[in-house]
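Residue numbers (the numbering used here), protein chains in the order written: chain C, 59 to 257; chain Y, 319 to 450.
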């Protein structure tokens, strides 16, 4: 009797307006991004012109918090942790998470503001005072002229080339950030208890 | 012009998902959160989701300089086609076999996606191990 009731409630939840909204919303967002990406990829003269992927790639370091959030999301979506938390603890954990996002946004935007053009080129990763930061950063130069978004050697940019230079995180740094996000998802980020909440 | 359209679309898509998650996270229904919904799908017929998640993550952020198959214009068309073919195969397997939830399989597919995205569908790739 109890399990029948539980099944009925659970089934009702799965068919609620909220679930339908999630289905339609996710489908719309995925379709929109795929269509825009394909249009950008196949219709432009050069395939290295900006696509959704390249815009996201170049949103780091300003939005490096997205890599960290993706780590938390990986745990939330695929390996949800069941926790029994009081409201105060839940709010505290959420507050801590948003504080870290704020700190990462500040750090990312600071890095972005230090970026200079290749033609000026005075500031290098080696010039940064904190030695522990240097291995985590790379200087990127991106051609922004006719064949947009091609990464080029910063030391060998021909005169007159349009080029954007910036500090970025190295790939191992991004992987570490992602693993930090996963650890945060496992130990800190509060998640709903799935089955216990039903019925 | 296209760059602006892409940035605006991305911002709108992210804003929409954030608002949707906040709205659904504050109601009484625990089954309609976005994460819960995707978790349910990936534990059912759509076993391709962990692979797709891993491949997109690695494509966006963790691309290697060394790419397995470098194509003629560095656009990484072959890497994209390979990713789509694997998604198709996993979609077919999930649809035919209706697998049960399995954390080990989810982790394996996620790691496979991350490795594929890192080596085969990278946006940093400048050195090809096999040139086509």
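C-beta: ideal position from N, C-alpha, C; glycine also.
Exercise for review: Spell out the partners DSSP gives residue 221 of chain C in its beta bridges.
Suggested key: C:201
Practice item. Would you identify the three-state DSSP class for residue 337 of chain Y, choosing helix, strand or coil? Key: helix
Check your understanding: Are any of the Cβ atoms in chain C nearer than 9 Å to that of residue 357 of chain Y?
Key -> yes
Review point. Looking at residue 173 of chain C and residue 225 of chain C, is the spacing between their C-beta atoms short of 9 Å?
Key: yes
Point to revise | Residues in the region 322-340 of chain Y having any Cβ partner in chain C nearer than 8 Å | key: 323, 324, 325, 327, 328, 331, 334, 335, 338
Exercise for review: Report buried or exposed for residue 152 of chain C, applying the criterion of at least 16 other Cβ atoms within 10 angstroms of its Cβ.
Suggested key: exposed
Check your understanding: How far does the alpha helix (DSSP H) with residue 375 of chain Y in it reach, from first residue to last?
Key -> 366-379
Practice item. Work out the CA separation of residue 123 of chain C and residue 397 of chain Y for me, nearest whole Å. Key: 27 Å
Point to revise | Member of C:237, C:111, C:147, C:110 whose CA lies at the smallest distance from the CA of residue 249 of chain C | key: C:147
**Study point:** DSSP three-state assignment for residue 226 of chain C, whether helix, strand or coil
**Key:** strand
Review point. Does any residue of chain Y bring its CB to less than 9 Å from the CB of residue 165 of chain C?
Key: no
Review point. Is it buried or exposed for residue 368 of chain Y, if we count other Cβ within 10 angstroms and need 16 for buried?
Key: buried
**Study point:** Assigned exposure category for residue 230 of chain C - 16 Cβ within 10 Å defines buried
**Key:** exposed
Check your understanding: Alpha carbon to alpha carbon, how far is residue 439 of chain Y from residue 150 of chain C?
Key -> 39 Å
Check your understanding: Considering only residues of the same chain and omitting the five flanking positions on each side of residue 244 of chain C, which have a CB-CB separation below 7 Å?
Key -> 133, 139
Exercise for review: Compare the C-beta of residue 249 of chain C with all C-beta atoms of chain Y and state if any pair is closer than 9 Å.
Suggested key: yes
**Study point:** Inter-stretch contact at 8 Å, needing at least 3 Cβ pairs: the region 406-413 of chain Y / the region 376-384 of chain Y
**Key:** no
Review point. When burial is assigned at 16 or more other CB atoms within 10 Å of the CB, is residue 213 of chain C buried or exposed?
Key: exposed
Point to revise | Assumed close pair residue 432 of chain Y, residue 380 of chain Y - CB separation to whole angstroms, cut-off 8 Å | key: 7 Å
Point to revise | DSSP three-state assignment for residue 244 of chain C, whether helix, strand or coil | key: helix
Point to revise | Proximity test, Cβ basis, 9 Å: residue 244 of chain C and chain Y | key: no
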